[in-house]
Every structure is written in structure tokens, then in C-alpha cells.
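The opening residue of the sequence shown carries number 610 in my numbering; numbering runs sequentially from there.
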Amino acid sequence: MAIKTFIGTSGYNYSHWSNGVFYPKGLPQRKWLEHYMSFFNTVELNVSFYRLPKKSIFEGWRKRTPENFTFVVKGSRFITHVKKLKDCEEPLKLFFNNAEGLKEKLGAV
610 MAIKTFIGTS GYNYSHWSNG VFYPKGLPQR KWLEHYMSFF NTVELNVSFY
660 RLPKKSIFEG WRKRTPENFT FVVKGSRFIT HVKKLKDCEE PLKLFFNNAE
710 GLKEKLGAV
């Protein structure tokens, strides 16, 4: 049985990577994900820890990435730190409803 290995980083949208450290100097920010995907097949989305992106944002990431790309979505701090995992049925529903926009590209949460 073949084991699929996923290699990526915790996020890709870092301005300090744009000075030639990872992204070529002058590469427009809108091209960063495309460049990132030429090296990695997964990324952890940290933004979801701080604020929940709309479902349409998740759908956009899905459409912009190749078939074999997978997203790891960081859980919401509202659920884990504010609610402390108590009475969080509605926030969890909203979180997973929006993350569902990734469809088959949703990996671990």
C-alpha cells in the first residue's frame, strides 16, 4: 500500500517571505499561493484561528489549487479559547459549514 505524504507549512501569506527568502522579489501577493504550490502539496490555514473566513473564501482556495492539494484548517480560538469547548454547537456548525467550501481538499482540522 502506498502512503501519501503531505509536506507544507503553517500558512503561506507572510510578507517577510517576499524579500527573496521564499517568494521571488517583486512577485505580486496574488501569486504567492501559486508559487507556494510549486513546492508543497498542503498548507495549514491559520487565518481560521483568528477569524472565520466566509465559505466563498474557502471555495476560492479550492478552485485555485490543483486536485492533489490539501488544506489543514486551524480550529477557531473562539471555540477553543473563549468558549473552552463548552456550548459551542452553533459555532462548530458555522465553522464546518464554511470550511466545507474546500470539499475534497479539506484535510485535518
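Glycine included, every Cβ here is placed at the ideal spot set by N, Cα and C.
Checklist entry - For the putative contact between Asn622 and Leu661, defined by C-beta atoms under 8 angstroms, what is the C-beta separation to the nearest angstrom? => result That pair is no contact at about 16 angstroms.
Item to check | Length of the line joining the Cα atoms of Ser665 and Arg671 | outcome: 10 angstroms
Item to check | Identity of the residue in Ala611, Pro700, Phe705 and Ser619 nearest Thr651 by Cα | outcome: Ser619
Checklist entry - Can you tell me whether DSSP reads Ser624 as helix, strand or coil? => result helix
Item to check | Classification of Gly669 by the beta-carbon crowding that lies within 10 angstroms, buried from 16 upward | outcome: exposed
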